[in-house]
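A quick write-up on the structure given underneath.
Residue numbers (the numbering used here): 4 to 544.
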């Protein structure tokens, strides 16, 4: 079997697997979906998930298709730098566990807007929180929707643009159904199935790879270095950012962005609200963190295994960004002659990746829809909305967000989408993270400071991102024929994160003593709830 192609039997089995998993998961969403007038069930699933199931759902939301395909590709192409990126991903979830999870659960009810308005009520806060939520998650949705067409084209062996577009539309509609019909409980169930399949199939592939090298990690790393084309440099820091003027600082910027941004993205933090106590939050994350750490180990073995078994040149030839490295490594692990049993196992791997794409985007659509319905439509209504009407708006919002994502994904699918992934993490790190840290822990923080944080941090990212080499100035940029590259780093975090915190601090200082005193009094009134969970209210006005 060609190391960069699936056999006919593998393609047929994969198509059957994709169809079966789509049908079964949609049926499960219908069966577990909430009643038409039960908001708590739609938004939080009644907080009825056990810590284990909630923890697995958090891990499922956290491990997106961008993580599986993108990080696996970085490990295969750049070795050590990819492993550091994967470890930063796990560290990010630990940051959420130890710093933000319990205060977020105590402060919020359904959305990030709830958490922020616990002490700073106001429509402007909710609307801005919704805008930032959509701005942070929409780029990730586009990447994964566009990636769905490329993934199925690679696995099933077709190359027509019209077929890829059709796949994006059909799969996008399925993702909208997950979010609109299943709500929080339905999407949680899909995430649990996804993470179990992903960890199980990935562990099997990692075992097969290690077995080929006699269970000697040193032999695996040595073979990867030999077939990387760059020797020992594959196992040293700095390869990924070697083209920039400051590779060490560029790597620090990327790690900082992943650690802070990954912990604060709204589709991850919304799972915190499904726990019914602070103890459950801790127990849920005690399941999520080991699951993510285990996956980091798996993807590191598969990434290095792909390079060791088929070579860096083949991986880059299949996809310059390395997004097919996870699948190529899995194929190589089974060998050139694949039996029926091995074809079934390979089908399990491809189906797990396909389900990862479905579940990841469904969770993001749900987070955006919840924020639109609860933070915008409900807040702007002249009279309180009935639960049935708000749920209908949430489902319509899921459709609107999903359709927008589908249309945009079809327009950008032929470009390098790495800038969009980076944009999402940068917005999470530079706008959402400072707002949550200040809002949950700084007594003096004011509404003006909050608005400056969200808007200032977001604008800093958007302005700086246009000058990175991901957008222009390199052969693999989004606009490879243009060159308006003026920013020296690949990610904006090293500059935009401090600017986000600075904007909040300056905005608070500029608020005046009257507003600062009022906000301090408001914070003292809810401090016990936020930090210790003394009581749980309705999430703020």
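No residue lacks a Cβ here, since even glycine has one placed at the ideal position from N, Cα and C.
The alpha helix (DSSP H) enclosing residue i, as first and last residue numbers
i: residue 257; result: 250 to 267
i: residue 297; result: 281 to 313
i: residue 128; result: 126 to 159
i: residue 548; result: For the chain, the structure presents residues 4 to 544; residue 548 sits outside this window and is missing.
i: residue 179; result: 164 to 180
i: residue 229; result: 220 to 229
i: residue 238; result: Counting along the chain, residue 238 falls outside any alpha helix (DSSP H), and DSSP gives it neither H nor E.
i: residue 276; result: Segment: none, residue 276 is in no alpha helix (DSSP H) and carries neither H nor E.
i: residue 522; result: 516 to 535
i: residue 27; result: 11 to 35
i: residue 45; result: 42 to 47
i: residue 509; result: 496 to 512
i: residue 337; result: 328 to 337
Short Cβ contact (7 Å threshold) for residue i with residue j
i: residue 61; j: residue 298; result: no
i: residue 471; j: residue 253; result: no
i: residue 411; j: residue 145; result: yes
i: residue 71; j: residue 358; result: no
i: residue 306; j: residue 75; result: yes
i: residue 523; j: residue 122; result: no
i: residue 243; j: residue 486; result: no
i: residue 303; j: residue 171; result: no
i: residue 118; j: residue 363; result: no
i: residue 434; j: residue 507; result: no
i: residue 200; j: residue 355; result: yes
i: residue 142; j: residue 426; result: yes
i: residue 458; j: residue 336; result: no
i: residue 17; j: residue 353; result: yes
i: residue 230; j: residue 311; result: yes
i: residue 432; j: residue 260; result: yes
i: residue 182; j: residue 348; result: no
i: residue 189; j: residue 36; result: yes
i: residue 456; j: residue 438; result: yes
i: residue 228; j: residue 221; result: no
i: residue 107; j: residue 271; result: no
i: residue 193; j: residue 59; result: no
Buried versus exposed call for residue i [16 or more other C-beta atoms within 10 Å across all chains shown]
i: residue 198; result: buried
i: residue 540; result: Per-residue confidence for residue 540 stands at a pLDDT of 42, beneath the threshold of 50, marking its modelled position as unreliable; the derived number appears in the next sentence. With fewer than 16 other Cβ atoms within 10 Å, it is exposed.
i: residue 542; result: Below a pLDDT of 50, predicted positions are generally treated as unreliable, and residue 542, at 40, falls in that range; the measurement from the model is reported next regardless. Buried: at least 16 other Cβ atoms inside 10 Å.
i: residue 515; result: exposed
i: residue 214; result: exposed
i: residue 544; result: With a pLDDT of only 35 at residue 544, under 50, the local geometry of the prediction cannot be trusted, and no value is derived from it.
i: residue 512; result: exposed
i: residue 64; result: buried
i: residue 531; result: exposed
i: residue 517; result: exposed
i: residue 429; result: buried
i: residue 218; result: exposed
i: residue 372; result: buried
i: residue 246; result: exposed
i: residue 290; result: buried
i: residue 267; result: buried
i: residue 383; result: exposed
i: residue 164; result: exposed
i: residue 414; result: exposed
i: residue 249; result: exposed
i: residue 251; result: exposed
i: residue 421; result: buried
i: residue 27; result: exposed
i: residue 224; result: buried
i: residue 128; result: buried
i: residue 520; result: exposed
Beta-ladder partner(s) of residue i, from DSSP
i: residue 475; result: 482
Any C-beta of chain B under 7 Å from that of residue i
i: residue 446; result: This model lacks chain B altogether, as it is built from one protein chain only.
What are the uninterrupted segments assigned as alpha helix (DSSP H) that are 4 or more residues long and contained completely in the stretch 429 to 465, given in chain order?
Assignment of alpha helix (DSSP H) within the stretch 429 to 465, counting only whole runs of 4 or more residues, yields 436 to 444 in chain order.
Which runs of the alpha helix (DSSP H), 4 residues or longer, sit entirely within the stretch 62 to 116?
Counting only runs of 4 or more, we get 75 to 81, 83 to 98, 104 to 110.
Taking only runs that begin and end inside the stretch 351 to 431, name each unbroken alpha helix (DSSP H) of 4 or more residues, in chain order.
Whole alpha helix (DSSP H) segments, 4+ residues: 390 to 415, 421 to 430.
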